[in-house]
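Residue numbers (this note's numbering), protein chains in the order written: chain E, 1 to 424; chain H, 1001 to 1215; chain F, 2001 to 2308. Right, one structure below, let's go through it.
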Amino acid sequence: MKQRTRKLVMMLASLLAAILLWLYVVTSVAPEATTRISGIEINLDGTIVLEERGLIITSQDADMLSLELSTPRVNLSKLNAKSIRVNADASKIREPGEYTLPCVVASFPDTVRSSNVQILRKVPDSVKITVSKLVSQPVPIKLNLTGSVKTGYSVEAGSAMLEPEEIVVVGPEEEVHMIDKAVVSYDVSSLEETTIVSLPVVFLNADGEEIEFSEHTTVSAPTVNLTLPVLRTREIKMGVQLQAGGGVRENNAIVTVNPKTIRVKGAADVIEALDDPFLLGTVDLSEITSHEERTFPLALPAGVTNISGESEVSVTIDLKGVSSASIPISDIRIINAPEGYRTELSTRTVNVNVRGGTEEINELKQNKNNGIYILVDLTDYTQDGAFTVTGKIVNETHPSVSVGKTVDIGIVITSNAPQPSPED
Amino acid sequence: MKDPYEVLGVSRTASDNEIKTAYRELVKKYHPDNYANNPLADLASEKMKEINEAYDAITRARAGQSGASGGYQSSGSYQSGSYQSSGSYQSNGGYQSYRTGSNSAYAQARSYININQLDAAESLLNAAANRDAEWYYLKGMIAYRRGWLDEARQHYQTACAMVPGNYEYQNALRTVQGGYTPYRQTNYQRTDMDTACDICNALMCLNCLCGGCGR
Amino acid sequence: MFGYVRPRIDVLAAEEMDAYRAAYCGLCRALGKQYGFRARFLVNYDMTFLYLLRSGVRVRAEAASCWCPARGCGRKVCTLDPDGYETVTACTVILCVEKLRDNLRDEGFLRSLPYRFLRLLYRRAYKKAARRLPAFAALTTEQLERLRTLEAAQSPSIDATADAFARIVAGCVADLEDPALRRPMEQVLYQTGRFLYLADALDDLREDCKHEAYNPLRFRFAPNQGELSEQELDYLTQLTDSSVNLAGAALALLPLQTCDRLLENTVYLGFPAVFAAVRAHKFRAKAGLAGIGRRSAKDGNTPKGETE
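If you want it as structure tokens, here you go:
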């Protein structure tokens, strides 16, 4: 009986030992596990250096890689697509062309010793890239206005401003050199005031088709600002400012203007502020005899442009209800007569030219006591003799009638001293 | 001494009326009220002085030529106290009587403000214990001179709220509210072009041929 | 660059429009000659204004017909003024490169558009410009840093943020020695910079609210879905008007011999018009679909119905 128990114990012990040995082998000295990790991003190194050399990578035939590797099981949980870094070094490239770059596992997570990881396969093991010349090209922007302008408005395409006026496009040579022109389009049909808008830029190739750029190409400004002046047009009446004078009142004047109106354009607020009628100048009615034609240049305020084609306006003035007459005045008054002398008028009546409203002139003609008199000032006359003195015509009673200023009056001055009797 | 005709911007053959008009326009433009509490007030008053001197010089010269033309003696009226150029524009004479109290810190602060030493004025105010209406008004003045218009407006509003009847405070608030519109040279009717423009035009004639091209 | 500083061209007389174009084209040409052909596309209206301001106190520079690569026509008139443009081109390069850098910071990834152009221009052009204007380059870096700090702190101060930017713009004339010229120009440019910053902030407000990006108006006011109330917009308009007044008053103190009408137009008419357009969402609005469908000559002009 004792021998049988011993055998049992021995069997159990060796089983135990075997298990222990197995455990030991599996955990520490055990063969590694193989695993495949996919979806690891391939990083292209050296893109900045390439750009400095005027190069750009425009395509790569793979951007993900799978790794087959064997490693102690312990490491398996730490290794995944995010924790492993794979590079392809492009930094040595100096010319455009196609290149095959080996994919290199650059690093594992810190907690894993790289010596414990054996890379069995890389799929793919290299990446093919295309390197193009990086060019920058300035492209002028063309403005394309469409639609038709509203009546009563003027779109000043010639003064339109684009900001910026040109765009710089940076990208692979093949793409950038397709550009024939850059265009911004805008419909002017509904515009009523100066507009500042932001417009997208459309790039066209030589066939007039729009180019859609890849993500490798950038433009200095995807939109362009357009300042488009929009002016209002308006017909304004022409007129003159009348200044009464010389016996002529404003209602005595008939004004004819040719052309009657002028077409102008300008900013809405400026145009609206224009006088209507627009006064070309002043006419002093005392200068008009009965009919006169005058030409006025058009002096418009800044910002208002004349679009009628006429640069001057002729104004005809006709007087009505105005008469002139020459009326005899005998009321001649002397002042400041010299002392010790006798003064006599040799002129008793003078004709004075008068002008004014017809009715008033007729009244003056008929009424001898019309209040107009001649004033003769003898301050400087101190001698005997016959003189012609300038008499001032005074009109205080009929202010709306214009009279001449002066008239010559004959006077005789004799001293009061006894005259020597003629010699016998 | 600059040519007085140039200062007034008139030609030598301008009529007396034209000269008077030009002078009045310039006085309106450089009037001290337009430069109240303005950091450039000293430059404005220097300009006023220059204009007054030019006007006097011209009228004296012309009076000498034409004999008795007593009408121009009235130029003296523009020399009245408020226009005196004293290097800096002191607070308008009439306002002195409205100042509340004779707080020397405030007086000092005002002096600093008038000579554009804003930091010094500000530290004086910050050290003051009492924050009354005058304090806010002076803070407003400092802010305005610095160009900090939002703060200036808020301070002036506080001062006005604390002492509603004060003309000085109200005037200051009006300035910042845009209610007071100073002289604006929107005169586009001037037809005299500087001769340099003519040279410019001549050079541009090449472009005139291309005039229709520019879109 | 930004494009908010521009004259109202619909009220300019013909010769003023020509002078403006000549100045713009002159800047383009000078950029090309001084910094290489790629620098040409940095030309913009804002820097043209700077040139007009600086050159306005001198006799008008010569203009000539030059070959222009940007226009179909070929020849254009540009102002020839290498000395006059020298500082302006340096400022342009520095400011544009810094703006690209800023955009890059926002977009963040290497392959972005600003990155590529930055590297195209950066090394040589920026270094040359910085050598020409070291103080300005330093000022720009410093103030932009300050601006970023304010942005990170979500500052509600319009003034402080605008100030950082305005100081840069005013710094474009720091090289002038005569204070009678420099001080008024600095004031004109400071207020111009303020206006520019505010206009840009208002223009971007909708987008910034949508993406929760920094915008001082977001924190100064309380926009409702990216829109400010009429009252708040009026307030901003009044601030702009004050800037116009201050800039105009400073302009009046400059002994301008040329370009005075262009400068006055820009300040008195341009600023308010641009601000009104920005306020009404009409400034550089994306053009509608009508008339701009993608066309192909082969298809016989049928739009493909592409959306923006």
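In this text, a Cβ means the ideal position worked out from N, Cα and C, and glycines have one as well.
Status (buried if at least 16 other CB within 10 Å, exposed otherwise) for residue i
i                      : result
residue 2130 (chain F) : buried
residue 102 (chain E)  : exposed
residue 222 (chain E)  : exposed
residue 2242 (chain F) : buried
residue 1126 (chain H) : exposed
residue 1135 (chain H) : buried
residue 2234 (chain F) : exposed
residue 1159 (chain H) : buried
residue 2059 (chain F) : exposed
residue 2254 (chain F) : buried
residue 1058 (chain H) : buried
residue 1013 (chain H) : exposed
residue 2211 (chain F) : exposed
residue 64 (chain E)   : exposed
Three-state secondary structure assigned by DSSP to residue i
i                      : result
residue 1003 (chain H) : coil
residue 2303 (chain F) : Below a pLDDT of 50, predicted positions are generally treated as unreliable, and residue 2303 (chain F), at 36, falls in that range; the measurement from the model is reported next regardless. Of the three classes helix, strand and coil, the one that applies to residue 2303 (chain F) here is coil, per DSSP.
residue 2131 (chain F) : helix
residue 207 (chain E)  : coil
residue 291 (chain E)  : strand
residue 2062 (chain F) : coil
residue 280 (chain E)  : strand
residue 1021 (chain H) : helix
residue 2078 (chain F) : strand
residue 99 (chain E)   : strand
residue 172 (chain E)  : strand
residue 1148 (chain H) : coil
residue 1139 (chain H) : helix
residue 307 (chain E)  : coil
residue 325 (chain E)  : strand
residue 431 (chain E)  : What the structure shows of chain E is the stretch from 1 to 424, and residue 431 (chain E) is not part of that stretch, so it cannot be assessed.
Short Cβ contact (8 Å threshold) for residue i with residue j
i                      : j                      : result
residue 376 (chain E)  : residue 413 (chain E)  : no
residue 156 (chain E)  : residue 229 (chain E)  : yes
residue 338 (chain E)  : residue 382 (chain E)  : yes
residue 261 (chain E)  : residue 235 (chain E)  : yes
residue 2037 (chain F) : residue 220 (chain E)  : no
residue 2001 (chain F) : residue 2096 (chain F) : yes
residue 352 (chain E)  : residue 300 (chain E)  : no
residue 1115 (chain H) : residue 1145 (chain H) : no
residue 59 (chain E)   : residue 129 (chain E)  : yes
residue 2176 (chain F) : residue 2085 (chain F) : no
residue 257 (chain E)  : residue 315 (chain E)  : yes
residue 2269 (chain F) : residue 2263 (chain F) : no
residue 277 (chain E)  : residue 239 (chain E)  : yes
residue 2081 (chain F) : residue 2061 (chain F) : yes
Residue(s) in a DSSP beta bridge with residue i
i                      : result
residue 161 (chain E)  : E:227
residue 411 (chain E)  : E:345 and E:387
residue 200 (chain E)  : E:223
residue 2272 (chain F) : Its beta-bridge partners do not exist; DSSP assigns none.
residue 195 (chain E)  : E:228
residue 433 (chain E)  : Residue 433 (chain E) is absent from the structure shown; chain E starts at 1 and stops at 424.
residue 312 (chain E)  : E:297
residue 2206 (chain F) : DSSP output for residue 2206 (chain F) lists no bridge partner at all.
residue 126 (chain E)  : E:102
residue 243 (chain E)  : E:284
residue 377 (chain E)  : E:335
residue 2283 (chain F) : E:196
residue 36 (chain E)   : E:68
Quiz prompt | the stretch 364-372 of chain E contacting the stretch 317-330 of chain E, beta-carbon criterion three pairs below 8 Å | solution = yes
Quiz item: Quick check: the stretch 2157-2174 of chain F against the stretch 2192-2199 of chain F, are there 3 or more CB pairs under 8 Å?
Solution: yes
Quiz item: Three or more beta-carbon pairs under 8 Å between the stretch 2177-2197 of chain F and the stretch 2122-2137 of chain F, yes or no?
Solution: no
Exercise. Decide yes or no for the touch test of the stretch 185-194 of chain E against the stretch 208-218 of chain E: beta carbon pairs closer than 8 Å, at least 3 of them.
Key: no
Exercise. Tell me, please, whether the stretch 236-247 of chain E touches the stretch 344-358 of chain E by the rule of three or more beta-carbon pairs shorter than 8 Å.
Key: yes
Quiz item: Quick one: any contact between the stretch 2012-2023 of chain F and the stretch 2208-2219 of chain F, if contact means 3 or more CB pairs under 8 Å?
Solution: no
Quiz item: At a cut of 8 Å, does the stretch 30-45 of chain E reach the stretch 64-79 of chain E through at least three beta carbon pairs?
Solution: yes
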